[in-house]
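Residue numbers (the working numbering), protein chains in the order written: chain P, 1 to 116; chain Y, 117 to 223.
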């Protein structure tokens, strides 16, 4: 299957700081990137969908100015949590979809964010 | 009512048992995914199916489009199968997730 990496895998930060999470699809071109958030013992919740080179579409209730998504290339998308607060502590997962002959959904290994 | 419902929420089995996890959905789909999430959080896509049945090793997934229902079966379960299994309804770049089924297989 395809290789998807996320960095960092785990981050602890102080309230008010910004955190950038990188998602890379290493062996296929991600024309679309899904960003999910998962709170403990809950299912995945879609935050936003981005297509390469265009602005992301955010789900209802997700602040676009707080969660900045950049999908500048077919192999890299970033999610920046700006002015993070403790309630932003969660598990963030990217999921690329695109060209490369794969007929399944792939997921990054996730980034666990803890905001103190 | 959630658009994607899974049952059971939690399932404990003895090693070797046959496992069935059910998923019902109320939305239109182009495909249904079964995902496995390990305790560390990593997610693996097990199956994507839009009709019939797929088999991979000890895992079998079936879908009935008319009844809007899918099942994931695990034969000869093993403790390493312990994970959360999630079904997700996919349509036009939109994916709706079930709440997940937490499976624990005891030796």
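Even glycine gets a Cβ: it sits at the ideal position worked out from N, Cα and C.
{"Check": "Coil, strand or helix - residue 121 of chain Y by DSSP", "Outcome": "strand"}
{"Check": "Of the listed residues Y:166, Y:136, Y:171, nearest to residue 182 of chain Y (C-alpha basis)", "Outcome": "Y:166"}
{"Check": "Environment of residue 38 of chain P [buried if 16+ CB atoms lie within 10 Å]", "Outcome": "buried"}
{"Check": "Given residue 160 of chain Y as reference, the closest of Y:169, Y:168, Y:150 once Cα atoms are compared", "Outcome": "Y:150"}
{"Check": "Backbone CA spacing between residue 139 of chain Y and residue 126 of chain Y [nearest angstrom]", "Outcome": "13 Å"}
{"Check": "Test item: CB-CB of residue 4 of chain P and residue 95 of chain P under 9 Å", "Outcome": "yes"}
{"Check": "Reference residue 162 of chain Y; option with closest CA among Y:132, Y:177, Y:155", "Outcome": "Y:177"}
{"Check": "Any C-beta of chain P under 9 Å from that of residue 157 of chain Y", "Outcome": "yes"}
{"Check": "Neighbourhood of residue 42 of chain P by C-beta, 8 Å cutoff - its chain only, sequence neighbours within 5 removed", "Outcome": "none"}
{"Check": "Distance, residue 58 of chain P Cα to residue 119 of chain Y Cα", "Outcome": "19 Å"}
{"Check": "Cβ shell of residue 93 of chain P (< 7 Å), same chain only, five flanking positions each side left out", "Outcome": "36, 38, 44, 107, 108, 110"}
{"Check": "Residues of its chain near residue 223 of chain Y, where Cβ-Cβ distance is below 6 Å and the 5 sequence neighbours each way are ignored", "Outcome": "131, 195"}
{"Check": "Contact check, residue 121 of chain Y vs residue 193 of chain Y, beta carbons under 9 Å", "Outcome": "no"}
{"Check": "Neighbour list for residue 43 of chain P in chain Y, Cβ cutoff strictly below 7 Å", "Outcome": "202, 213, 214, 215, 216"}
{"Check": "Selection from Y:218, Y:170, Y:211, Y:191 that minimises the alpha carbon distance to residue 201 of chain Y", "Outcome": "Y:218"}
{"Check": "Neighbour flag for residue 107 of chain P against chain Y, beta carbons, 9 Å", "Outcome": "yes"}
{"Check": "Buried/exposed call for residue 88 of chain P, threshold 16 Cβ in 10 Å", "Outcome": "buried"}
{"Check": "Cβ-Cβ distance between residue 116 of chain P and residue 15 of chain P below 9 Å", "Outcome": "yes"}
{"Check": "Cut-off 6 Å between Cβ atoms - residues of its own chain near residue 20 of chain P, not counting five sequence neighbours on either side", "Outcome": "78, 80"}
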